[in-house]
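Novice:
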Amino acid sequence: MDTGWAQFRTLYDFIPRNDREIALLEGDVLIVAKPYEDSKDWLVGQNQRTGQHGDFPGNYVEHIGDIDTIEEDKIEPEPEKPPPVPPRLPRQPTQDGHKLLKMYSAVPVFCYRCEDFIWGRVKEYYKCQDCNLTCHLGCAIDLKNFQCIKTDAEDESGYERLVSSIDQWGTEDVMTWLATTNYYTYAEAFRDFGVDGCTLPQLNEESLVKIGVTDQAHQQSLLYIIKELFSSDSPERQSNIFCGVQKAPKGSDGGHTFKAQNFYSLQWCDNCEKCLWGLHDQGLQCTVCGLCCHRKCKIDGIPVCPMRRVKGARDSDIEDPVFGQELSSCFQSSSRPAPIVIMKCVQAIEARGLKVEGIYSWTPEGSEKYNLRSALNQNPESVNMKDEEWNNPHCIASALKMYLQELPTCLFTEEKYHDLIEICQSNPNCIDNLLREIDTLPHPNKSVINYLMKHFHMVCKHQQHNKMSSMDLSRIFAHILLKPPKRDLKKMATNHEIQIQILDTLINQGPWSVEEIAEEAPPVPPRPHKPQSQSGSVSRPDPLPDLKEQVWYWGEASKEQVQERMKDTEDGSFIVRDSKRFQGEYTLTLMKGGVTKLIRIMYKNNKYGFSEPLTFHSVVELVNYYKGRSLAQYNPKLDVRLTHPISKYEQEDEVAQNSENITILEDLEKINAELDSETKNFEGLRKEYDESIQNIADLQLVLDAHKSVVLMIEEQIRIHESFQREAPPQARVMLRTNFELLKHRLNEAQCELLESERENSNITEDSRQKDQQMNILRSKIIELQKNRQRYMDILKEKGYSHDEIKDIVNEGIYQIPDIDMSEKNWRFGKITREESENLLKDCPDGTFMIRESINRKDEFSVSLSFDFKVRHIAIYNDSRGHFGFAANFMLYESLADLVNHYHRNSLQKHNPHLATKLAFPVKLVLEQRKLN
């Protein structure tokens with residue numbers, strides 16, 4: 004056992020609170036008997052200057068050496084050690100009528116001045132002795148807006164369990180801290196894994212993945228905030244953007260126009276240079292200059308606003324963003340049941356995500372969900388959720404959760420939180436009381452709650468496929484839809500199970516299922532059978548002769564046939580056809596904003612219309628009415644008239660139809676100019692794409708070097724720690740100095756590594772976007788080439804010579820090289836993996852073949868060369884004979900359809916690590932090698 008005495012020298016003066024504490028002055032020498040638990044905790048010893056024996060704080064002193072023996076008469080017997088409590092410092096001067104006392108806390112405390120929480124290891128804050136107002140030390144500079152009203156007694160429910168250090172935190176304390184720092188998304192996962200104050204600092208990337216934190220940005224942010232919590236030395240990121248800008252005086256916001264902001268990548272405070280904590284609502288951003296900061300840093304000597312944009316534009320700079328808007332300003336509940344973003348996401352999930360396992364519970368990696376959020380944030384009306392780009396139901400579910408998370412006022416409103424909790428506590432099965440409370444909410448909130456609960460009920464009905472019960476959904480959405488006022492965020496931890504119970508009760512016992520059944524089978528008259536002959540015909544409610552004579556009535560035409568004909572038509576073009584879903588009714592297909600809209604023409608009581616009450620006696624009357632009036636009367640978003648009927652008798656080519664108004668030569672010149680412009684854009688993008696690929700390769704070498712440096716320094720630190728334990732006392736001071744230098748260098752190396760990783764991620768994302776843009780341009784160029792050739796053929800028919808056509812069409816237009824994607828070039832019989840790997844050896848990325856599976860009867864596999872390896876991908880097929888790479892994506896009627904699709908689209912949507920396409924059939928590559 005280590006025996007003897009340790010000597011300490013005081014660094015600060017210490018004013019005693021009672022007789023058991025030593026009165027210290029800076030420079031006093033103290034003697035403490037060994038062993039002792041922790042030199043940074045409270046210590047018991049004797050002051051050599053005064054001879055007084057008592058307790059003193061270990062963080063006020065430094066160790067100056069050890070002694071083996073000491074005269075017994077100089078050491079007084081140790082009194083009984085009191086419990087370790089932190090000291091209270093003297094009362095501060097009165098500030099704006101408040102009597103402030105400096106306090107310490109190891110649990111989060113709400114700051115009424117900046118509306119953020121005070122947290123950290125033994126964090127200091129001010130508390131008013133009269134009104135119990137609490138605030139950051141820096142926020143106490145201006146409290147004139149907070150009237151001091153003396154309180155004689157406190158509500159017992161407001162008392163909190165006291166802990167003297169973060170090490171004593173339980174799992175509920177950790178959940179409370181996650182709630183106050185906006186990481187509550189993972190609170191339940193932390194609780195399930197028993198993360199408490201002792202295990203919290205031991206977390207790393209590997210353990211976070213086990214807990215369920217798979218997003219790399221979320222992992223990094225959590226590790227940073229944990230480090231800040233325990234040591235206050237989390238990484239800082241210096242920015243030169245506001246370097247040299249004059250600092251505003253403390254207490255002033257520097258003329259900035261701040262707005263609360265959500266960021267979906269790591270962001271850094273431009274004042275204190277530390278990370279902006281949280282997964283949402285991380286801090287403030289100036290809408291003028293772009294400066295970002297913590298709420299508490301807003302008045303802490305921040306750079307003065309230069310009154311111009313100096314920080315790069317981002318998603319938050321959208322003039323009229325959709326995300327983050329109040330429900331009341333997003334939509335009118337009388338015109339639709341929910342905002343367009345919610346409706347589009349819900350409809351897409353119900354169309355193709357109800358049977359997807361883990362819908363809403365699994366968050367996809369990569370940027371696809373953020374790209375969808377960005378598109379919806381800018382113009383949700385123009386987003387077609389059926390596009391291949393948005394075909395991942397998990398990304399759609401993530402976008403919906405982000406929209407709900409960013410609502411300034413949560414769906415059930417913060418004011419109703421305590422009432423709802425109280426109702427559920429008094430009677431867990433009180434669905435009637437809950438519904439009465441919801442009925443008092445604003446109309447937009449009630450409408451969205453009805454819409455979402457109906458959707459959640461439908462998701463639960465398919466839980467045998469998606470594994471999502473009502474309780475699972477409640478756990479995911481409870482902290483998103485139910486939130487207390489900001490100052491009470493800590494109650495989310497104590498009321499966690501009650502919030503889940505409220506949502507589960509609503510999903511299971513609400514009236515949503517009844518409404519769903521009613522809407523699934525609307526009461527419409529059955530359509531009469533098609534007449535076999537004129538004598539046996541049955542009359543329809545609509546005057547059939549009039550309807551059949553209309554050029555815009557296409558009868559029983561299919562949806563696909565109509566939409567194909569509607570392509571590239573102008574706004575106001577329309578077709579009416581028989582409804583296949585609702586017998587006796589019709590469907591209006593309308594072009595608006597470059598997108599086809601399908602509108603149901605309802606029939607009831609011999610009347611027609613788009614919505615009840617139905618007023619038109621026939622479909623012809625309805626169409627004629629809206630030829631002269633805008634459909635905005637029916638839907639405010641459809642400000643268009645039925646001006647351009649598409650005739651069912653039209654058989655001529657579109658070029659011939661427009662030739663009466665625009666000459667062939669003018670059209671050809673326009674197409675040629677557009678083709679030339681798009682070709683130049685394509686060449687520019689391809690050059691930038693090639694450069695970014697090279698930059699990624701170079702950065703990978705830099706990343707490997709940074710990782711090697713970090714590993715080397717970490718190894719040196721471990722060796723150094725062993726030396727410190729074994730070194731003599733006189734050498735420990737020098738060793739500690741070197742140890743601190745090593746830690747500083749490790750911190751720098753980790754920051755450099757992080758910066759390189761971030762740069763690599765940005766360049767990779769940029770290259771992916773360029774690849775997508777190239778694919779879009781490639782399709783457009785091919786279409787323009789076809790149109791140009793069509794016009795050239797017309798000119799030949801009109802007698803133009805070859806030379807005359809060449810004068811009109813510039814020579815040397817870039818041609819997208821056509822690759823022969825015939826089945827004979829990529830399809831093979833039953834060959835082994837080894838044989839396919841030999842064929843694909845040293846082939847360029849994207850070279851592929853499809854071979855019959857040896858082990859799986861009547862099934863196939865893709866062998867693909869990518870990143871210096873040959874990858875093998877199983878192709879699935881179903882009972883219909885459709886093919887696909889995943890069970891939920893059996894979309895292709897033949898192998899040729901599958902190959903043609905992934906020749907144009909990346910495989911990355913199925914696997915983030917496969918950023919390639921089925922570009923080159925292996926037989927073509929092998930033939931080219933022989934020629935060379």
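Reminder that position 132 of the sequence shown reads as 135 in the numbering used here, one-by-one numbering, no gaps.
We treat Cβ as the ideally placed atom computed from N, Cα and C, and that holds for glycine.
1. Considering only the beta carbon of each residue, do TYR15 and GLU29 sit closer than 8 Å?
2. Classify LYS446: buried if its beta carbon has 16 or more other beta carbons within 10 angstroms, exposed otherwise.
3. Can you tell me which of the three DSSP states HIS139 falls into?
4. What does DSSP give as the partner residue(s) for GLY612 in the beta ladder?
5. Would you call PRO111 buried or exposed, if buried means 16 or more other Cβ atoms sit within 10 Å of its Cβ?
6. Give me, in chain order, the residues of the same chain whose beta-carbon lies closer than 7 Å to that of VAL64; leave out the 5 immediate sequence neighbours on both sides.
7. Within a Cβ cutoff of 8 Å, which residues of the same chain sit near GLY612, ignoring the five residues on either side of it in sequence?
8. Between LEU749 and ASN763, what straight-line distance do the alpha-carbon atoms span, to the nearest angstrom?
9. Can you give the Cα-Cα distance for ASN148 and ARG116, rounded to whole angstroms?
10. Taking three-plus beta-carbon pairs below 8 Å as touching, is the region 234-241 in contact with the region 287-294?
11. In three-state DSSP terms, what is MET471?
12. Using alpha carbons as the reference points, say which of ARG689, ASN790, ALA700, GLU368 lies closest to ASP670.
13. Would you report the Cα separation of SER882 and ALA354, rounded to the nearest angstrom?
14. For the beta strand (DSSP E) that contains SER650, what are its first and last residues?
15. Considering only C-alpha positions, which residue in the set LEU476, GLU175, GLU409 is nearest to TRP365?
16. Considering Cα atoms alone, identify which of GLN775, LEU738, LEU634 is closest to LEU688.
17. Could you check whether LEU437 and LEU423 sit closer than 8 Å to each other, using their CB atoms as the reference points?
18. Rounded to a whole number of angstroms, what is the C-alpha to C-alpha distance between THR416 and ASN380?
19. Three or more C-beta pairs under 8 Å: does that hold for the region 790-799 against the region 699-712?
20. Quick check: the Cα distance between LEU910 and LEU375, rounded to an integer number of angstroms?
21. For ARG584, tell me which candidate among LEU601, SER42, SER770 has the shortest Cα-Cα distance.
22. Three or more beta-carbon pairs under 8 Å between the region 177-189 and the region 484-503, yes or no?
23. DSSP on HIS885, reduced to helix/strand/coil?
24. Taking all protein chains shown into account, do 16 or more other C-beta atoms lie within 10 angstroms of the C-beta of GLY48, making it buried, or fewer, making it exposed?
25. Please go through the same chain and pick out, in chain order, the residues whose beta-carbon is closer than 6 Å to the beta-carbon of TRP557, but skip the five residues on each side of it.
26. Just checking my contact of LYS358 with HIS465 at CB under 8 Å: how many whole Å lie between their CB atoms?
27. Residues in the same chain with beta-carbon distance under 6 Å from MET405, minus the five sequence neighbours each way, listed in chain order, please.
28. Under the three-state reduction of DSSP, which class applies to ASP848: helix, strand or coil?
29. Do the CB positions of ALA109 and TYR129 come within less than 8 Å of each other?
30. By Cβ distance, which residues of its chain are closer than 6 Å to MET474, with the 5 residues on each side in sequence left out?
31. With distances taken from CA atoms, which of LYS607, ASP701, ILE505 is nearest PRO616?
32. Given a cut-off of 8 Å, decide if ASN62 and ASP31 are closer than it, judged by their beta-carbon atoms.
33. Considering Cα atoms alone, identify which of VAL349, ILE426, GLY215 is closest to HIS458.
34. Which residue from PHE863, TYR373, PHE851, ASN914 puts its Cα closest to that of LEU921?
35. Provide the residue span of the beta strand (DSSP E) that contains GLY879, from first to last.
36. What residue range does the alpha helix (DSSP H) around ALA9 cover?
Specialist: According to the structure shown:
1. yes
2. The sequence shown places His at residue 446, rather than the Lys named in the question. With fewer than 16 Cβ atoms within 10 Å of its Cβ, HIS446 is classed as exposed.
3. coil
4. MET605
5. buried
6. PHE11, ARG12, THR13, LEU14, LEU33
7. ILE604, MET605, THR618, PHE619, LEU625
8. 21 Å
9. 9 Å
10. no
11. coil
12. ASN790
13. 20 Å
14. Taken as a continuous stretch (DSSP letters only), SER650 belongs to no beta strand (DSSP E), as it is neither H nor E.
15. LEU476
16. GLN775
17. yes
18. 22 Å
19. no
20. 18 Å
21. LEU601
22. yes
23. coil
24. buried
25. ILE578, ARG580, LYS651
26. 6 Å
27. ARG376
28. coil
29. no
30. ASP507
31. LYS607
32. no
33. VAL349
34. PHE851
35. A small correction: the amino acid at residue 879 is Tyr; Gly does not occupy that position in the sequence shown. It spans 872-880 - the beta strand (DSSP E) in which TYR879 sits, taken as one unbroken run.
36. No alpha helix (DSSP H) holds ALA9; the beta strand (DSSP E) holding it covers 8-13.
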